[in-house]
Each structure stands twice: as C-alpha cells, then as structure tokens.
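Mapping of the sequence shown onto the working numbering: residues 4 to 305, in sequence order.
The beta-carbon is built from N, C-alpha and C at its ideal position, and this holds for glycine as well.
If you're wondering where the values come from, they're calculated on a predicted model, not measured in any experiment.
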Amino acid sequence: MKKFSLLSTRAGAVFLAPAAALVGIFVIIPFFWVIFVSFTNQTLLGRTALEPDFVGLQNYVALFNPATFFTRGQFGFSLVLTIQFVLLSALVGQALLGLVLAWLSQAVSPSLKTFLQTTVIAAWILPEVVIGFAWFAFLDYDNGTLNMIMRSLGLPPGDWLLQQPFRVIVFFNTWRGAAFSMMLFNSAFQSIPPSYFQAADVAGASSWQKLRDIALPLIRGHIVTDLILITMWTFNVFTPFLLTNGGPSYRTEILSIYTYRIAFKDFEFGKGAAVGVVIMLINLVFALAYLRIARIKTAEAE
C-alpha cells in the first residue's frame, strides 16, 4: 500500500479541490450563465421570467443601434461617459496625483512622509459606503461642510451634486484612488540607486530635472502597470452611485451604474447580461495587455 505524501500530486489536488469548487461555483458557472442569458430576453416578471426566448444577437444590436447609441440613458452615452471618467479620474487624476505625492514624499522628513502616506491611504482603505456618505454630507447644499466654508468666506454656495455632478465623481474617484498609485510609485522610486540622484545633485540638477531625466525613464514599467490596473478598476467602479445614483438625468451614469439600472431596476436580465459581456471583453483587453507587460518585465529581469 502506497503512503500518502503531502508533496504528492494527489495531495495537491486534494488541497486545491475546495478552492477549485468555489471558483467553479462563483466564477466559472456565472461567467457562462451571463453569456447564455445575453442571447435571451429573460426578465424578472412575465412569461419570459421562466421561459425566456432565444433572441440571438438582438440584445447586442440594440446596444449598438446607431439611432440611439449616443442618446442620454443609452449604452453608447454611458460608454463615452465612462471613457471620459477613466481618462480624467484615473489616467490624469490618480496616476498624476499619485506620482506627484510619491515624488514629494522622497524629499520630506520620515515623520512627515509617514503622515502623508497614512492620510492618503486612509481614503483608500475606508469602506466605500462610509466614504460615499461622508462626501454626500460634505457636498450637501443646505448643511454641507463645503457650502458652510464658502458662506463663511462670503462666497455663494453651490448645489454641487446637481450642477456639477460629473466633476464631483471625477474628483471623488481621484481623491479616493490616488493612494494605490502613490504606493506603487513610491516603491519604484526607492528601487532607484541613490547614487544616481547624488550625481545629479553634484551637477546642480533641479528636482524637476531629476524626475524627468532620471526617475521617469527608470520607472516606465511601473507607470504602464499602474495605468493599466487603475484603468481596469476605474472602468468597473460603482462607488459614484452612492453620490449621484447615476443622475441627474443620466449625467453620471457610467457603465457599471447603467448595467445595474438595466438588470436590477428595469429587470431586463438579457440586455443587462449583454452589457456585462461587453464590459468583460473590454476588461479582457486590459488584462491581456497587463499580462504581456508583466511577461516582458520578467524577461528583462532575467
């Protein structure tokens, strides 16, 4: 009789079986179920709730219908809005702000650096619901902190969530997500040999020149990695729903909120699943790009 070894393939399969079962139940099966539902007209109520009809590509055709594609409240409008949201809050906001904070933290005292990092990371680790309602209270027209400050300065208050809803969610997402970029860039800067910057100091280089000519060329891989990851996360973020509920008049209805409305408010599961499949394909492109960059970095390291 063979002895059971913890290092055997059979033992490995036994230990992996529970995790594989959970992945299959909660990831793989729902993945294929969503794809199947996207080709039906399944809803929550009515005959199609229990007996949905196979409609082929009808849901996808409806999403990309040129006549309504850019109409407010339709898929195309939300797609364009999401692209703008990602460009402004992730690529310009989070990445740039995180880079600046990481670079500035290299030149301050250790205590001030710790305080800065703790403050920024706190905005990232706090629960989204807490952050969302805190910002809602901050921006409230009647009793919000921001309007109270403006009134004390003799400035007119603003109904920010009604007048500038898109700018609000861009600023909110930038403020919340900059911590990841800051931590990544901070680690990247620390990996640069100090002698490079010491030589630049001897040559009389300014802080901007050291960042432009030394730091940025050496952390290009980290920059690309950061841009891809925060783009994926921002593309799927749902937190702005806590501030604006997608409104007013669909002006902040990014794709994640649009999918929620179609599937769980209008109960059009087939159409909502089609939107989900499109989002998965977009995320797949980002994921493949990230894996390729990671493979290139590994090859260069070897």
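Counting only runs of 3+ residues, no beta strand (DSSP E) is found wholly inside the stretch 175–254. Following the DSSP letters along the chain, one finds G15 inside the alpha helix (DSSP H) bounded by residues T12 to V26. A direct Cα-to-Cα measurement between Q77 and L66 gives close to 8 Å. For the 8 Å CB-CB criterion, G249 and I260 form a contact. As for any alpha helix (DSSP H) of minimum length 4 sitting wholly inside the stretch 29–54, the runs are 32–40 and 50–53, ordered along the chain. A direct Cα-Cα distance of roughly 6 Å separates Y253 from R75.
Contact check for F88 against I257 passes: the beta carbons are separated by less than 8 Å.
As DSSP reads the structure, F57 sits in a beta bridge with T43. In the structure shown, E131 adopts helical secondary structure according to DSSP, grouped into three states.
Boundaries for I257: no alpha helix (DSSP H) harbours it, and the DSSP string shows neither H nor E there. Contact check for V173 and L91: beta-carbon distance about 5 Å, within the 8 Å limit, so the pair qualifies. Contact check for Y293 against T237 fails: the beta carbons are separated by 8 Å or more. Taking I231 as the centre and dropping the five residues before and after it, the same chain places the C-beta of F289, A292, Y293 and I296 closer than 8 Å to its C-beta, in chain order. By a beta-carbon distance limit of 8 Å, T255 does not contact F139. Their separation comes to about 13 Å. F183 sits close to I233, with the two beta carbons spaced by under 8 Å. L100 and L107 have their C-alpha atoms roughly 11 Å apart. Within the same chain, and ignoring the five residues on either side of T242 in sequence, the residues whose Cβ sits closer than 8 Å to its Cβ are E131, I134, G135, F175, N176 and R179. By the Cβ test, the stretch 142–150 is in contact with the stretch 159–168, since at least three Cβ pairs between them sit closer than 8 Å. Excluding sequence positions up to five before and after P160, its CB lies within less than 7 Å of the CB of Y144, N150, M153 and R154, all in the same chain and listed in chain order. The continuous alpha helix (DSSP H) containing R154 extends over residues T148 to S155.
Just measuring C-alpha positions, the residue of F267, F42, G224 and M235 sitting nearest G59 is F42. In the DSSP assignment, V103 falls within the unbroken alpha helix (DSSP H) covering A98 to S108.
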